[in-house]
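Each remark here refers to the structure printed beneath this line.
Structure below.
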């Protein structure tokens, strides 16, 4: 914990707070001490001026009387007085000896005073000013600085205590905060370790406080959900590929094996090779569909985009598949937009054509003989839709999302020819164009709508009336 970034940041913050607190307290101390010193100087100067005035008006005798009167009140005013002849003894005052410390050029000096009180020797600081009078007398007026010294000592102790307390509290706060944050970070690490061990269901716990860690956990969980879905889909795709490719490969091997062990004639050799080619085409078709989906999902959305007339595209596709529908005994009809408007979208013409063709091919493939398949383009209500509807068996509502996944086919026997990739390719094309693929109930049958938003659609007047096919 003590090596963690969180603890180091908390410790740095504590040190900065302690230094800032020390700076503030230091400024308070210096300001207060300067004020006390100024008051001391003012008191001494005032007292000195008063005594000098007494001396000028009354001479040495009046000065001595005034000092004696003040000395008797020393206990209450903490002032120090000493009047001494320049080369002679002390005249009056409450100091035993003249200070040995020389004054500065302004007559100020700081010194210590020694005294015996109740048999105990005491030493206390003092500050004084010395003035030489015309009669050869030297006058010292000072003040006991014990209170000033005590104040300085208390402030220094308080400053040291405050700095120490701030540092200790900061460290304690850093430890507490580190434990709280580390517990949440450990939850992320634990989840990551669980996932590394193969359990993709692990998720980062969310406290519900809505803070940065909760937002991070929510985003991570969303990412993990997406990864789990992709991996599950990949596993499912792998299983489906194995299932779908096993049958043609087994058929191919059986045909070739029978051909090798038997004594076939040229016609049997030809039938065996044709069957092998058919199985190979099935395998190649599956891989080509997968490659197409991968290319669509990985390409730039703006690549090869240009205005595309969906009316012409859907009409041409319906016309192309009309013989296929007739061969199966079905009716295929195309209806252009109302009022003859052509719906134009910005997109890739080849991919859109492939998507519409897949929808029509699926409708024909899963609609029974005698059924109907309708294709129309709707350019009203702020969006453009290409709709392919049939009256076949349809898709149950609970499976409509699933059939958009790769290799998903509803018929369990898989007797119907196909790869289960058609709707997956259409879904990829829709995503590339910012469109929506809706599977709806046609009652009976299935109605598939490829819906383009208004920002992707551009409607232009038709140059000619639409035609119906079928």
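In this note's numbering, the protein residues as written are 111 to 580.
The beta carbon of each residue, even a glycine, is placed where N, CA and C say it ideally should be.
query: Note down the Cα distance separating residue 440 from residue 510, rounded to an integer number of angstroms.; result: 24 Å
query: The ligand FMN and residue 133: does any heavy atom of the ligand fall closer than 8 Å to the residue's C-beta?; result: In the structure on display, the ligand FMN does not appear, and there are no ligands present to speak of.
query: Using beta-carbon positions only, say whether residue 237 and residue 252 come within less than 9 Å of one another.; result: yes
query: Rounded to the nearest angstrom, what separates residue 158 and residue 232 at their Cα positions?; result: 26 Å
query: Go ahead and pull the three-state DSSP assignment for residue 245.; result: coil
query: In three-state terms, what does DSSP make of residue 511?; result: coil
query: Please give the ranges of any alpha helix (DSSP H) in the region 168-195, keeping only runs that are unbroken, at least 4 residues long and fully inside the region.; result: 184-187
query: So the alpha helix (DSSP H) residue 294 belongs to, where does it begin and stop?; result: 256-306
query: At which residues does the beta strand (DSSP E) containing residue 559 begin and terminate?; result: 556-562
query: Taking the DSSP output, what are the residues bridged to residue 419?; result: 454
query: Beta strand (DSSP E) containing residue 203: first to last residue?; result: 200-203
query: Suppose contacts are defined by Cβ-Cβ distances below 9 Å. Is residue 298 in contact with residue 330 by that definition?; result: yes
query: Residue 542 lies in the beta strand (DSSP E); which residues open and close that run?; result: Looking at the DSSP string, residue 542 is not in any beta strand (DSSP E); the run it does join, the alpha helix (DSSP H), is 532-542.
query: For the alpha helix (DSSP H) holding residue 459, just list the boundary residues, first then last.; result: 459-476
query: What distance in whole Å lies between the Cβ atoms of residue 497 and residue 448, which are believed to be in contact at a cut-off of 8 Å?; result: Residue 448 to residue 497, Cβ: 13 Å. No contact.
query: I'd like to check one pair, residue 487 with residue 421: are the Cβ atoms closer than 9 Å?; result: yes
query: Let me check understanding here. Comparing Cα to Cα, which of 361, 398, 372 lies closest to residue 387?; result: 361
query: For the 8 Å Cβ check, are there 3 or more pairs between the region 501-508 and the region 451-467?; result: no
query: In angstroms with no decimal places, state the Cα-to-Cα distance between residue 318 and residue 135.; result: 41 Å
query: Closer than 8 Å by C-beta to residue 552: which residues in its own chain qualify, once you throw out the five before and the five after it? Chain order, please.; result: 499, 500, 501, 504
query: Which value, in whole angstroms, describes the spacing of the CA atoms of residue 194 and residue 151?; result: 22 Å
query: Is residue 237 helix, strand or coil when you go by DSSP?; result: strand
query: Applying the 10 Å Cβ sphere with the 16-neighbour rule, what's the burial state of residue 278?; result: exposed
query: What residue does the beta strand (DSSP E) around residue 495 start on, and which one ends it?; result: 494-500
query: How many Å lie between residue 416 and residue 373 at the Cα?; result: 59 Å
query: What's the gap between the Cα of residue 539 and the Cα of residue 492?; result: 21 Å
query: Kindly identify the DSSP beta-bridge partner or partners of residue 160.; result: In the DSSP output, where bridge partners are listed per residue, residue 160 has none listed.
query: Taking only three categories from DSSP, how would you classify residue 316?; result: coil
query: Of the choices 204, 169, 306, 166, whose alpha-carbon is the least far from that of residue 180?; result: 204
query: Can the beta-carbon of residue 389 be found closer than 9 Å to that of residue 418?; result: no
query: Would you check if the distance between the CB atom of residue 285 and the CB atom of residue 120 is smaller than 9 Å?; result: yes
query: Identify which residue in 395, 325, 324, 375 has its Cα closest to the Cα of residue 358.; result: 395
query: Is the beta carbon of residue 562 less than 9 Å from the beta carbon of residue 494?; result: yes
query: Assign residue 339 to one of three DSSP states: helix, strand, or coil.; result: helix
query: Here's the rule I'm using: 16 or more other beta-carbon atoms within 10 Å means buried, otherwise exposed. How should residue 379 be labelled?; result: exposed
query: To which residues of the same chain is residue 438 closer than 7 Å at the C-beta, ignoring the five residues directly before and after it?; result: 474, 479
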